[in-house]
Amino acid sequence: MSGVRIAVVGAGIAGLSTAVNIQRNIPSARVTVMADRFLTDTTSDGAAGIFRPSFEKIKADETLVRQWVSDSWKHFDCLWRSEEAREAGIGSVTMYQLFDKEPLYPLFKEFVYDFREMTDRDMKRFHGNFKMGLACTTLTTESRKYLPWLTDRFKENGGVVKIQRVNDFSELIGDYDIVVNCTSLSSKTLAGDNLVYSVRGHLLRVKAPWVKHAVYDHVTGAYIIPCFDTVVLGGTRQKDNYSLEIDPEDTKRIWEKCCRLQPNIKKAEIAWEWVGLRPHRSPPRVEKEMMKFGDKELKVVHNYGQGANGITLSWGCAKHAAKLVQELIPYIHSKL
Amino acid sequence: MKKKICVIGAGVIGISTARLLQETLPSCDVTIIAEKFSPHTTGDVSAGVWKPHALGDTPVELQSKWSGNTFEHLLKLCMGSEASLAGIQLLSGYLLFQDYTEDPSWSNQMLRFCHMTPRELAQFPGYRHGWFIITIKVECRRYLPWMLNKFKSMGGAVLQRKIHSFEEISADYDIIVNCSGLGSYELAKDKTMQPIRGQVIRVRAPWITTMGCDDATITGREPYVFPGMDDVVLGGTHDYGDWNTEPDPTDTKRIWEGCCKLFPSLKHAEILEVNVGHRPGRPSVRLEKEIVTSGGKAIKIVHNYGHGGGGVTLHWGCAQEAVQMVKEWVEPCVTSRL
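Residue numbers (my numbering), protein chains in the order written: chain A, 134 to 469; chain B, 37 to 374.
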């Protein structure tokens, strides 16, 4: 078992979380993270990272989803209550969700610190025709702090980071015993998977330190989430849109609907804007595959397709993927 | 003939009273005279959180009326487009207790009041009971200048000067509204007043969005953490009769340690300032008319001082009542009751 060579392809939140989990489960493994995009160039960069998973958005076996969510929550909760919260970019926030009809079962209710129905008086302060509101206190994760934090954990346990673009997994045969695929949308070509597609998100990051609560308007799709030192205003959900260019029409629409929802946003200054392509897949793919390239084989563990819940599910899915990697190890030297 | 009204004091009580006078009695000329202006007033040191506490002998119904009216006023400002300029924000979080504590009389005045869940309490070892509340935080360092600017733009006059006696200015004004806080110890010769010394540490910790406060008020030194727009305020102290204006290093250490226990991630927060303020303590709030005779002349005074730690919580409601009293003098045939 010593010296197993593992390549984690992709250095977004899935890749880094999986790499760290593998190191913890298999201390003797030699883990390399390889990617051509890091940190602020990854998909999770601008995301608010608010923990609010739902069965509507994560269409997979309920038991599995619950396990991913539970493992992730425990991890982020523990970090939040530790001295490392700031360095890791973890914050807690009270979040309000406003609906014009009865919402489907909110899975996160089973984990967050508190969960309540909003009173009429509470709902009145938001502008819109809302029939029902849910309030909870949950966690946010700021990728601009969390990814560097994960990278530090990975490197301090002997992990190696390689700047390398992988055009085909067959390139890695011979140099690595197991490949972990965390390449999100690139899995379309690298894993020949048509089930994964982009759901384009555009958001604004503004300076509004007087906003201490998050709010989701499920009627207009507007949302406001205070993060580390800026407030996220969003958003868009454009299926199969792969453009990373900022569309000023979207900017205007997001700004207007957020200001209508909560007028005290009007005096906020825009700090930066960002477009991210959520890698959506129903279900998210966390599974083993023996990929064949001619007469050669490659042991692969896939971990991608978490879509809008990439940050929320990151640790739970990474833990699962690391377990799958462990299950493959007995088979490494058996093909002689 | 235009009546001339002088408001003494430019803290949260003085400026709000002056603003409301301007709006309610447009026929009068209003002048604010004060020695200290923001950021040197008592309110500027405070975290400015709306949270009633028992104010000695002040009748509960009165406190309730004043605090309730203040909350509604702040709530309107809070959700409007000027909120950030006025320094008003919503704040939610936890009031923590080591033992079960009865719900307070003001519980329904806040936007939200309920008991903490076990999972919420688990974040704070050592506390067995708590309340989750949604209240309002006022940044006086923004609120006071914002109100003062409105006051000036509506024609209000402002003079920077220390007043030693009402007689000094009685010739120039028809009615004096005394909002001098602790200054009334000398100015109104009110020896029932005493300072309640508060020390706070202001830190930069934008990742803290929820407040945490040990609300036991047994020693007066229980820790509290109130995140605001410009900083997070850590406290505190409640030292009766202590006039010391310098930060005490023992207090600083105790506040720091207590607050880091509530939120361990604070250990990495950058300290911005350590401030000391003196709450204007009094057995009860003095909100009443007085006529003082001096050299044969009657000086009409409305007193509005002695709010202790409740200045921000009560200011608008008290200003409304003070203005009503002034109105009774200005328009006696309309409002006087026999």
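Ideal Cβ positions, reconstructed from N, Cα and C, are used throughout, including at glycine.
Kindly confirm or deny that the stretch 250 to 261 of chain B and the stretch 289 to 307 of chain B touch, where touching means at least three C-beta pairs closer than 8 Å. In short, these stretches touch, since the Cβ pair count reaches three.
What does residue 343/A touch in chain B if you count any residue whose Cβ is under 7 Å from its own? Residues of chain B whose Cβ lies closer than 7 Å to the Cβ of residue 343/A are, in chain order, 119, 120, 125 and 265.
With 8 Å set as the bound, which would you pick, yes or no: does the beta-carbon of residue 304/A sit closer than that to a beta-carbon of chain B? Using beta-carbon distances, residue 304/A does not count as an interface residue toward chain B, since no partner is under 8 Å.
Just tell me which of 174/B, 216/B, 148/B and 65/B has its CA closest to the CA of residue 26/B. Nothing can be reported for residue 26/B, as the shown portion of chain B is limited to 37 through 374.
Residue-chain proximity (residue 297/B, chain A), Cβ-Cβ < 8 Å: The beta carbon of residue 297/B does not come within 8 Å of any beta carbon belonging to chain A, so the residue lies off that interface.
What first and last residue would you give for the beta strand (DSSP E) that runs through residue 269/A? Its beta strand (DSSP E) spans residues 265 to 274.
Buried versus exposed call for residue 409/B [16 or more other C-beta atoms within 10 Å across all chains shown]: Because chain B in this structure spans residues 37 to 374, residue 409/B falls outside the shown range and cannot be described.
Quick check on residue 243/A: does DSSP put it in helix, strand or coil? Three-state DSSP puts residue 243/A in a helix.
Considering only C-alpha positions, which residue in the set 246/A, 280/A, 245/A and 234/A is nearest to residue 261/A? Nearest option by C-alpha distance: 234/A.
Report the residues of the stretch 211 to 235 of chain A with a CB closer than 8 Å to any CB of chain B, ordered along the chain. Hits within the stretch, in order: 213, 214, 215, 216, 217, 218, 219, 220, 222, 223, 224, 225, 226 and 227.
Take the Cβ of residue 151/A as the centre, count every other Cβ of all protein chains shown within 10 Å, and call the residue buried at 16 or more, exposed below. That one is buried.
Residue span of the alpha helix (DSSP H) that contains residue 183/B, given as start and end: According to the DSSP assignment, residue 183/B belongs to the alpha helix (DSSP H) that extends over 176 to 189.
Cβ contact (3+ pairs, closer than 8 Å) linking the stretch 265 to 277 of chain A and the stretch 201 to 218 of chain A: Touching, yes.
Taking Cβ positions only, does residue 199/A come closer than 8 Å to chain B? For residue 199/A, the closest Cβ of chain B is not nearer than 8 Å.
Taking the C-alpha atoms as reference points, what is the distance between residue 46/B and residue 69/B? Distance between the alpha carbons of residue 46/B and residue 69/B: 7 Å.
Going by DSSP in three states, residue 415/A sits in which element: helix, strand or coil? Three-state result, residue 415/A: strand.
Any C-beta of chain A within less than 9 Å: which residues of the stretch 145 to 171 of chain B qualify? So the list reads 147, 148, 150, 152, 153, 155, 156, 158, 159, 168 and 170, given in the order they occur along the chain.
Output needed in chain order: residues of the stretch 87 to 119 of chain B with a Cβ under 8 Å from some Cβ in chain A. Cβ contacts with chain A: 111, 114, 115, 116, 117, 118 and 119.
With distances taken from CA atoms, which of 363/A, 431/A and 264/A is nearest residue 407/A? For the options 363/A, 431/A and 264/A, the alpha carbon positioned closest to that of residue 407/A is the one of 363/A.
Would you say residue 246/A reaches chain B, if we count a Cβ-Cβ gap shorter than 8 Å as a contact? Chain B, which has a Cβ nearer than 8 Å to the Cβ of residue 246/A, makes this yes.
Can you pull the DSSP bridge partners for residue 232/A? Partner(s): 265/A.
Run through chain A and tell me which residues come within less than 7 Å of residue 301/B, C-beta to C-beta. Per Cβ cutoff of 7 Å: 216, 218 and 219.
Proximity test, residue 224/B beta-carbon vs the ligand PLP heavy atom, cut-off 7 Å: With respect to small molecules bound, the structure shown includes none, and the ligand PLP cannot be examined in it.
Backbone CA spacing between residue 280/A and residue 361/A [nearest angstrom]: Spanning the two alpha carbons is a distance of roughly 14 Å.
How should residue 296/A be labelled, buried or exposed, when 16 other C-beta atoms within 10 angstroms of its C-beta is the threshold for buried? Label assigned to residue 296/A: exposed.
Using 8 Å as the limit for Cβ to Cβ distance, is residue 335/A near chain B? Not one chain B Cβ lies under 8 Å of residue 335/A.
Give the residues from the stretch 236 to 247 of chain B that approach chain A closer than 8 Å (Cβ to any Cβ), ordered along the chain. Of all residues in the stretch 236 to 247 of chain B, 241, 242, 243, 244, 245 and 246 have a Cβ within less than 8 Å of some Cβ in chain A.
Who are the Cβ neighbours of residue 100/B in its own chain at under 7 Å, not counting the five residues just before and after it? Only residues of its own chain outside the window of five on either side were considered, and among them 141 and 142 have a CB closer than 7 Å to the CB of residue 100/B, listed in chain order.
Interface residues of chain A around residue 82/B at Cβ under 9 Å? Taking the beta carbon of residue 82/B as reference, no residue of chain A falls within 9 Å; the closest one sits roughly 17 Å away.
Chain A contact for residue 304/B (CB, 8 Å cutoff): Closer than 8 Å to some Cβ of chain A, the Cβ of residue 304/B qualifies, so yes.
Step through the CB atoms of chain A and report whether any lies within less than 8 Å of the CB of residue 21/B. The question about residue 21/B has no answer here: the residues shown for chain B are numbered 37 through 374.
How far does the beta strand (DSSP E) with residue 320/B in it reach, from first residue to last? Counting along the chain, residue 320/B sits inside no beta strand (DSSP E), nor does DSSP assign it H or E at all.
State the DSSP-derived secondary structure class of residue 430/A, mapped to helix, strand or coil. Strand.
Residues of the stretch 392 to 413 of chain A with Cβ closer than 9 Å to any Cβ of chain B, in chain order: For the stretch 392 to 413 of chain A, which is checked against every Cβ of chain B, the residues closer than 9 Å are 392, 395, 396, 397, 398, 399, 400 and 401.
Tell me whether the beta-carbon of residue 127/B lies closer than 8 Å to the beta-carbon of residue 340/A. Taking 8 Å as the cut-off, the Cβ atoms of residue 127/B and residue 340/A do not count as close.
Short CB-CB distance (under 8 Å) between residue 384/A and chain B: Not an interface residue.
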